[in-house]
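So the sequence shown is residues -16 to -1, 1 to 119, counted in mature numbering (1 follows the signal peptide of the UniProt record, and there is no 0). Single-structure report; data block below.
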Amino acid sequence: MAWAPLLLALLTYCVGFSSQQLQSLKASELVSPGGTVTLSCSLSSGALTDNNYPLWVQQRLGNVPRLIMYSTSTRPSGIPARFTGSRSGNTMSLTITGALAEDDADYYCSVWTGSAHHSGTIRWGSDTKTSLSSL
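Here it is in structure tokens:
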């Protein structure tokens, strides 16, 4: 998976400029071990649909980014069920239920803006740093 950082860098580079932006709603979240946290990103205009291919990427310190959710609520193989995805209107959310120490990471949301028959642009939200508090 040595190509993953390069791919992420290339996708980030391709964001470009447009009136449509994807914004993380909070820069950081603090959650207690075993607790629940919801991360959200909002598209500046228009409703999010599965045609936007909404996804979430997790990056732990010192590790390559990994896809943890795509098509709003589909987990790739190996991603635990404590991660769930949803969307409503122009907002997409990732919920971590029963947070573990290994969930301490940066999370990035992404959508594709365009149509099935035309070129589009991949939009990345800024990262949301999720930290676990000690009890």
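For glycine and all other residues, C-beta sits at the position ideal for the given N, C-alpha and C.
- Relative to D88, the option among R44, V21, P49 and T81 whose CA is nearest is R44.
- Rounded to whole angstroms, the separation of the alpha carbons of L32 and T81 is 23 Å.
- By the neighbour-count definition (other C-beta atoms within 10 Å, threshold 16), T56 is a buried residue.
- By alpha-carbon distance to G46, the top candidate from V95, R66 and D90 is D90.
- When rounded, the separation of the alpha-carbon atoms in C93 and P17 is 23 Å.
- Counting along the chain, the unbroken beta strand (DSSP E) around L27 starts and ends at T20 to L27.
- For L6, the uninterrupted beta strand (DSSP E) segment begins and ends at L6 to S8.
- Uninterrupted alpha helix (DSSP H) stretches at least 4 residues long and entirely within the region 39 to 69 do not occur.
- If you check the CB distance, S26 and T58 do not come in under 8 Å.
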